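**Student:**
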Amino acid sequence: MFSGISNRDASQRLSADLAGRIPDYVETSSDPFDVLRFAATIGPREVERIERRFREIELEAVGSARPTVGAAEAIVRFVRDGRRVAIVSNNSSVAVQRFMTQHDLQHAIDGVYGRDSATLHCLKPDPYLLNRAVEDLGTTPEDCVFVGDSVSDVIAAHTARISCIAFANRPEKIATLGAHSPAATITSMMHLLSVQ
């Protein structure tokens with residue numbers, strides 16, 4: 001999630017908004033997507049309501065979120081070198097776009113492929129959003145690289161036949177992400193500046 005609000009806080013806030021009895025695994029989860037997935041089992045109205053609330057929380061988080069060190073520099077460098085950059089995220093498209101605008105990066109991005117009411121059932125690890133980005137950019141999976149910080153990111157990239165660089169932004173993620181065989185693992189976005 002955006003650095004302005006923790007995943008745990010977002011998850012607790014969403015759980016509090018759920019209608020009816022909540023299973024322990026949802027109530028104690030630190031992953032807001034667990035809450036969203038559970039809401040989907042209740043029905044379409046509930047998942048749409050919880051998704052709207054999730055989007056509101058993300059937009060709130062954007063207000064105080066800072067870019068990951070090295071990410072903005074890498075985006076600017078890639079664009080300067082003639083590469084095209086798209087953002088593929090399970091976060092809401094609206095929140096990602098606001099974040100990019102807030103940090104004056106919107107002009108460097110060729111597209112944002114994120115969560116909205118139409119994509120709720122095809123978020124990563126489903127490759128749908130990655131495939132859409134590849135198609136819209138008029139390129140091929142072989143000519144793309146995806147940088148992701150979660151197991152679902154690595155799995156989606158593999159399924160889409162896109163090379164994945166795993167970003168282990170916490171020490172415990174090195175082994176977790178590495179177990180899914182990304183093309184490379186980095187511990188700082190600054191490492192992307194050395195990509196040729």
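Numbering (UniProt numbering), first residue to last: 1 to 196. Think of the CB as a built atom: it goes at the ideal place given N, C-alpha and C, for glycine as much as any other residue. What you are looking at is a predicted structure, and each value in this text was computed from that prediction instead of being measured.
Exposed or buried, Y113, counting other C-beta atoms within 10 Å across all chains shown (16 or more means buried)?
**Tutor:** The residue given as residue 113 occupies position 113 in the sequence shown. So Y113 counts as buried.
**Student:** Looking at C-alpha atoms only, which residue of S92, T28, D81 is the closest neighbour of L59?
**Tutor:** The residue you call residue 59 lines up with position 59 of the sequence shown. When each option's Cα is compared against that of L59, the closest is S92.
**Student:** Measuring straight from C-alpha to C-alpha, what distance separates R45 and A118?
**Tutor:** Translated into the one-based positions of the sequence shown, residue 45 becomes position 45. Translated into the one-based positions of the sequence shown, residue 118 becomes position 118. If you draw a straight line from the Cα of R45 to the Cα of A118, it is about 13 Å long.
**Student:** Please specify which runs of the alpha helix (DSSP H), each continuous and at least 4 residues long, are wholly inside the segment 20-106, giving them in chain order.
**Tutor:** 24-27, 32-42, 44-62, 71-80, 93-102
**Student:** So, with DSSP's three-state summary, where would you put G178?
**Tutor:** Translated into the one-based positions of the sequence shown, residue 178 becomes position 178. In this structure, G178 counts as helix in the three-state DSSP scheme.
**Student:** Mind the definition here: the segment 136-156 touches the segment 180-190 only if three or more C-beta pairs lie below 8 Å; say whether that holds.
**Tutor:** yes
**Student:** Could you give the distance in angstroms between the alpha-carbon of D9 and the alpha-carbon of L36?
**Tutor:** Within the sequence shown, numbered from 1, the residue matching residue 9 stands at position 9. Within the sequence shown, numbered from 1, the residue matching residue 36 stands at position 36. If I take the Cα positions, the gap works out to 14 Å.
**Student:** Using 8 Å for Cβ pairs, my map puts G148 next to C164. What's the rounded Cβ distance?
**Tutor:** If you number the sequence shown from 1, residue 148 lands on position 148. If you number the sequence shown from 1, residue 164 lands on position 164. Indeed, because the Cβ distance is near 6 Å, the residues count as touching under 8 Å.
**Student:** Return the Cβ separation of M189 and V88 in integer angstroms, given the expectation that the two are a contact with Cβ distance under 8 Å.
**Tutor:** As a working mapping, residue 189 is identified with position 189 in the sequence shown. As a working mapping, residue 88 is identified with position 88 in the sequence shown. Contact doesn't hold; Cβ gap of about 16 Å is too wide.
**Student:** Determine the direct distance from the alpha carbon of C144 to that of N131, and round the result to whole angstroms.
**Tutor:** Sequence index remark: in the sequence shown, residue 131 carries index 131 (1-based). Sequence index remark: in the sequence shown, residue 144 carries index 144 (1-based). N131 and C144: Cα-Cα distance of roughly 11 Å.
**Student:** For G136, count the other beta carbons within 10 Å of its own beta carbon; 16 or more makes it buried, fewer makes it exposed. Which is it?
**Tutor:** Position 136 of the sequence shown, counting from 1, holds the residue named residue 136. The amino acid occupying residue 136 in the given sequence is Asp; Gly does not appear at that position. It counts as exposed.
**Student:** Closest by CA to T176, which one among T140, V151, D126?
**Tutor:** As a working note, residue 176 is residue 176 in the sequence shown. Nearest of T140, V151, D126 to T176, Cα basis: V151.
**Student:** Below 8 Å on the Cβ atoms is my guess for D104 versus R84; work out the distance and round it to an integer in Å.
**Tutor:** The residue you call residue 104 lines up with position 104 of the sequence shown. The residue you call residue 84 lines up with position 84 of the sequence shown. Between R84 and D104 the Cβ distance is about 18 Å, and since that is not below 8 Å, they are no contact.
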